[in-house]
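S.K.:
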Amino acid sequence: MPRLTDARKQLRRAQIAEAAVRCFGRSGLERTSIADIIAESGLSAGSIYAHYRNKADLVGAAAREVLARHAEVLGAYAAGDTPPSPDELLACLTAAINPAEARVGVQTWGEATTNPAVRDVVADMTDRMRAMLHDCVTAWLVKDGHHEPAAARESAAPIAHRLMALYQAELLYAALRSPTEETAS
1 MPRLTDARKQ
11 LRRAQIAEAA
21 VRCFGRSGLE
31 RTSIADIIAE
41 SGLSAGSIYA
51 HYRNKADLVG
61 AAAREVLARH
71 AEVLGAYAAG
81 DTPPSPDELL
91 ACLTAAINPA
101 EARVGVQTWG
111 EATTNPAVRD
121 VVADMTDRMR
131 AMLHDCVTAW
141 LVKDGHHEPA
151 AARESAAPIA
161 HRLMALYQAE
171 LLYAALRSPT
181 EETAS
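Here the sequence shown stands for residues 1 to 185, numbered as in UniProt numbering.
1) So, at 7 Å on beta carbons, what are the nonlocal neighbours of G28 in its own chain, with the 5 sequence-adjacent residues on each side left out?
2) So, is E65 buried or exposed, given that buried needs 16 or more other C-beta atoms within 10 angstroms?
3) Hey, quick one: how far does the alpha helix (DSSP H) through R26 stretch, first residue to last?
4) Which of the three DSSP states, helix, strand or coil, is assigned to G46?
5) Between A112, D6, G25, R3, which lies nearest to V174 when the distance is taken from Cα to Cα?
6) Hey, out of A62, K9, S47, whose CA is closest to C23's CA?
7) Does the segment 76-90 come close enough to the segment 7-18 that 3 or more CB-CB pairs lie under 8 Å?
8) According to the neighbour-count rule (16 or more other Cβ atoms, all chains shown, within 10 Å of its Cβ), is Y52 buried or exposed?
9) Going by alpha carbons, who is nearest to T32 out of D6, S47, V59, A14?
10) Nearest to S155 by alpha carbon, out of V142, M164, L166?
11) May I ask which residues mark the beginning and end of the alpha helix (DSSP H) holding E148?
12) Can you list, in chain order, the residues of its chain whose CB lies under 8 Å from that of V122, leaving out five sequence neighbours each side?
13) Using 8 Å for Cβ pairs, my map puts M129 next to L74. What's the rounded Cβ distance?
14) Determine whether the beta carbon atoms of R162 and T138 lie at a separation below 8 Å.
15) When you compare only the Cα positions, how much space is there between I159 and A96?
16) In three-state terms, what does DSSP make of Y173?
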């Protein structure tokens, strides 16, 4: 049997993690079994276990997958030529929220309260997102507010903190919406 290249392994891990995200979004972390993830991914149990030791590993991978998508949105704004205002940034971020992924995100926050591995993933991704928000707000303050870079970085910190809190509140709101509300909007 041919060995998988590193790129192919990463692709397979992502395929499994995305299947887990879909299952967790649909049924919740507790009610999703490895068998559900196997069926959703279309892969064998051996393939799943070749990449993840157990369901806890998959929960961590799903958390990274969802949080990485949110971080990608922020990264695109942070790298843009015209930095959005904090209000525009929050509006763009909330518009990109996928309710099913928001449910997985909120569930991982709950799991992070008792699972140190998930807590580490959530804390790392939250810190990265807050840092990207900080970079966006700093760039906006320099470009639109004509602040000096050092002063802008200092002023941006509490704004980025509040933006992160508002964004997390929007994720929670999206996660709590019923499927009929999702299709109506």
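Where is the CB? At the ideal position from N, CA and C, for every residue including glycine.
The structure presented is a predicted model; accordingly, all values stated were derived computationally and were not measured.
M.R.: Quick answer:
1) As a working note, residue 28 is residue 28 in the sequence shown. Taken in chain order, the residues that qualify are Q107.
2) For the purposes of this step, residue 65 is taken as the residue at position 65 of the sequence shown. Buried.
3) Start at 1 with the first residue of the sequence shown, and residue 26 comes out as number 26. Taken as a continuous stretch (DSSP letters only), the alpha helix (DSSP H) holding R26 covers 6-27.
4) Stepping through the sequence shown from its first residue, residue 46 is reached at position 46. For G46, the secondary structure class from DSSP, reduced to helix, strand or coil, is helix.
5) Walking along the sequence shown from the start, residue 174 turns up at place 174. In the sequence as presented, Val is not what sits at residue 174; that position holds Ala. Answer by Cα proximity: G25.
6) Against the sequence shown, residue 23 aligns to sequence position 23. Taking only the C-alpha atoms, the option nearest C23 is A62.
7) At 8 Å Cβ cutoff, the stretches do not touch.
8) Taking the sequence shown and counting its residues from 1, one reaches residue 52 at position 52. Label assigned to Y52: buried.
9) For the purposes of this step, residue 32 is taken as residue 32 along the sequence shown, with counting starting at 1. Ranking D6, S47, V59, A14 by Cα distance to T32 puts V59 first.
10) Against the sequence shown, residue 155 aligns to sequence position 155. Measuring from the Cα of S155, the nearest candidate turns out to be V142.
11) By one-based count along the sequence shown, residue 148 stands at place 148. Counting along the chain, E148 falls outside any alpha helix (DSSP H), and DSSP gives it neither H nor E.
12) Taking the sequence shown and counting its residues from 1, the one referred to as residue 122 is at position 122. Correct list, in chain order: A63, L67, T108, W109, A112.
13) Within the sequence shown, residue 129 is the residue found at index 129, counting from 1. Within the sequence shown, residue 74 is the residue found at index 74, counting from 1. Contact flag correct, Cβ pair sits at about 6 Å.
14) Indexing the sequence shown from 1 puts residue 162 at position 162. Indexing the sequence shown from 1 puts residue 138 at position 138. Not closer than 8 Å, so no.
15) Position 159 of the sequence shown, counted from the first residue, corresponds to residue 159. Position 96 of the sequence shown, counted from the first residue, corresponds to residue 96. Roughly 20 Å separates the two Cα atoms.
16) Numbered from its first residue, the sequence shown carries residue 173 at position 173. Correct three-state label for Y173: helix.
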